[in-house]
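> Have a look at the structure that comes next, please.
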Amino acid sequence: MARILVVDDEAPIRDILERRLTQWGHEVTTAHSAEAAIEEMTTAPAEIVFSDVIMPLHDGVWLAKQIRERWPETVIVAVSGAQEMSTVMKMRQQGAVDYVVKPIGREMLHQALERALARLPASGSV
């Protein structure tokens, strides 16, 4: 079981990801913004972060950079719309190891989760 943080300014996306990841046996928390994600990480660091790319105030690139600097072991997965691929590439430059495209299908999420879990020091499975 991994501790996962889902960051998205759209409540329906957060809810879907939280529900699916929890069903697969993981401890999931959510944040509605990059700033709230930093607060959550400070309180209880996640092993994996699924982060939206485009958010108000600070975007996923900013968040990925902050996480990489403060919690370098955390695995970051970008969550994006198809039109946001240039920003996804910027997130990857800041340490995101993978991405999923909205709308996020169950199988796509499962595969991204498996790849993220494989990168954890004590690799697990879904």
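Following my numbering, the numbering of the sequence shown begins with -1 at its first residue and continues without gaps.
Ideal Cβ positions, reconstructed from N, Cα and C, are used throughout, including at glycine.
#1: What are the boundary residues of the alpha helix (DSSP H) that includes Ile46?
#2: With three or more C-beta pairs closer than 8 Å as the rule, is the region 35 to 52 touching the region 4 to 11?
#3: What residues in its chain sit with their C-beta under 7 Å from that of Trp69, if we drop five residues either side in the sequence?
#4: When you compare only the Cα positions, how much space is there between Glu45 and Ser78?
#5: How about Val98 and Ala110: are their beta carbons less than 7 Å apart?
#6: For Glu71, does the three-state DSSP call read helix, strand or coil?
#7: For His24, which residues of its own chain have a beta-carbon under 7 Å away from its beta-carbon, when the five flanking residues on both sides are left out?
#8: Mind checking which residues open and close the alpha helix (DSSP H) that includes Leu55?
#9: Helix, strand or coil: which one does DSSP assign to Ser78?
#10: How many angstroms separate the CA atom of Ala62 from the CA atom of Val95?
Taking the geometry as given:
#1: Here residue 46 refers to the residue found at position 48 when the sequence shown is read from its first residue. That residue, Ile46, is in no alpha helix (DSSP H); its beta strand (DSSP E) goes 46 to 50.
#2: yes
#3: Within the sequence shown, residue 69 is the residue found at index 71, counting from 1. If we look at Trp69 and ignore the five residues flanking it on each side, its Cβ neighbours are Met39, Pro43.
#4: Translated into the one-based positions of the sequence shown, residue 45 becomes position 47. Translated into the one-based positions of the sequence shown, residue 78 becomes position 80. So the two alpha carbons sit approximately 20 Å from each other.
#5: The residue labelled residue 98 in the question sits at position 100 within the sequence shown. The residue labelled residue 110 in the question sits at position 112 within the sequence shown. Contact: yes.
#6: Taking the first residue of the sequence shown as position 1, residue 71 is located at position 73. The DSSP-derived three-state label of Glu71 is coil.
#7: By 1-based counting over the sequence shown, the position of residue 24 is 26. Answer for His24: Met(-1), Ala0, Ile2, listed in chain order.
#8: The sequence position of residue 55 within the sequence shown is 57, counting from 1. Where Leu55 is concerned, there is no enclosing alpha helix (DSSP H), given that its DSSP letter is neither H nor E.
#9: Residue mapping note: residue 78 aligns to position 80 of the sequence shown, counting from 1. DSSP places Ser78 within a strand segment (E or B) once states are collapsed to three.
#10: Here residue 62 corresponds to residue number 64 of the sequence shown, with the count starting at 1. Here residue 95 corresponds to residue number 97 of the sequence shown, with the count starting at 1. Rounded to whole angstroms, Ala62 and Val95 show a C-alpha spacing of 10 Å.
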